[in-house]
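Asks: Okay, so the sequence shown: first residue is 2 according to our numbering, each after it adds one.
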Amino acid sequence: KNKTAIIVSTGPSLNKQLELLKQVQNHATIISVDSSYPILKTHGIKPDYVTSIERVEDTSEFFNSEPSEFDKDIIFLTATLIHPTTVNYLKGRNAAYILRPLSYELGFEDNDFGYIGGGQSAAHLAFDLSVQLGHEKIVLIGQDLAYGKGRSTHAKGHVITTENEEAMP
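#1: Can you give the Cα-Cα distance for F71 and A80, rounded to whole angstroms?
#2: Between the Cα of E55 and the Cα atoms of D35, L19 and D49, which residue gives the shortest distance?
#3: Considering only the beta carbon of each residue, do V57 and F77 sit closer than 8 Å?
#4: Assign V225 to one of three DSSP states: helix, strand, or coil.
#5: For Y90, does the count of other Cβ atoms within 10 angstroms reach 16, so buried, or fall short, so exposed?
#6: Could you check which residue in A127, A123 and S14 has the C-alpha nearest to that of A6?
#7: Find out if the Cβ-Cβ distance for the pair S131, I46 is shorter than 8 Å.
#8: Using 8 Å as the threshold, is the C-beta distance between K23 and K138 below it?
#9: Could you give the residue range of the alpha helix (DSSP H) that holds F128?
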């Protein structure tokens, strides 16, 4: 529907962009990288899609909440090879499991539906999804490539704590 996609990651700059995102949320397709989903939910910003490809159980915590009215109409796109806890937490939500172009999945020869998400992160999957949906403009927010204030690596409110950041020299 929209020509613009906004991919939301959880770098330190995300917090200062949330108010503007709230204002434009009805004028763009919002694609949340898994870790930004709970932050967006806390701020009442509803993504259209949420992407996840991680196999580690810690990533499951992004979805550790009861499905609610907020989740209605959000499509949760995850790789077929994800942690079982993530699968359990996504029950009751609109989840779609995608095939990635990895050697073991290419063996399925699923040429009717195809493959998506050839990159190394959920942000890559979000970008691939934006391209496949035909968006003409793709905006990345919270995709920081540097430390934030106090050497933070993630936005405030991130599910996984940043204890290691305090120990950094």
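Don't be surprised by glycine CBs; every beta carbon is placed ideally from N, CA and C. Note that the structure is a prediction, hence the values are computed from the model and not measured.
Replies: With the given structure in hand:
#1: Roughly 22 Å between the two C-alpha positions.
#2: Comparing alpha-carbon positions, the option among D35, L19 and D49 lying closest to E55 turns out to be D35.
#3: Contact flag unset, no.
#4: Since the first and last residues shown for the chain are 2 and 170, residue 225 lies out of range.
#5: By the neighbour-count criterion, in which a residue is buried when 16 or more other Cβ atoms sit within 10 angstroms of its Cβ, Y90 is buried.
#6: Residue A127 is the option with its Cα nearest to A6.
#7: It is not a contact, given that the beta carbons lie outside the stated cut-off.
#8: For the pair K23 and K138, the CB atoms are not nearer than the 8 Å cut-off.
#9: Segment A123 to Q133, the alpha helix (DSSP H) holding F128.
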